[in-house]
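Colleague:
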Amino acid sequence: MAKDDVMYVSNCSMLPFGWTVETLLGSHVSKPYNPDIARVFYRAG
1411 MAKDDVMYVS
1421 NCSMLPFGWT
1431 VETLLGSHVS
1441 KPYNPDIARV
1451 FYRAG
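Letter by letter, the sequence shown follows residues 1411 to 1455 of my numbering.
(1) Please check the pair TYR1443 and SER1420, which I expect to be a contact at CB under 8 Å, by giving their CB distance rounded to whole angstroms.
(2) Tell me, to the nearest whole angstrom, how far the beta carbon of LEU1425 is from that of LEU1434; I am working on the premise that it is less than 8 Å.
(3) First and last residue of the alpha helix (DSSP H) that includes PRO1426?
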């Protein structure tokens, strides 16, 4: 959903197998579930 000054993005994906919230919040290598969507946001800044 998008408005003039805000965009909402939802994701029903799960954490990678074996990950915990602590893993996610700590230093880790990026392993995007969907590389195409990750690339769009990376290029958008």
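All residues carry an ideal CB built from backbone N, CA and C; glycine is no exception.
Modeller: Reading off the structure:
(1) Locating residue 1443 in the sequence shown gives position 33, where the first residue counts as 1. Locating residue 1420 in the sequence shown gives position 10, where the first residue counts as 1. Actually they do not touch by this definition, with Cβ atoms about 14 Å apart.
(2) Along the sequence shown, read from residue 1 onward, the residue named residue 1425 stands at position 15. Along the sequence shown, read from residue 1 onward, the residue named residue 1434 stands at position 24. The pair is a contact, with the Cβ atoms about 6 Å apart (cut-off 8 Å).
(3) Numbered from its first residue, the sequence shown carries residue 1426 at position 16. Premise fails: PRO1426 is in no alpha helix (DSSP H) and is neither H nor E.
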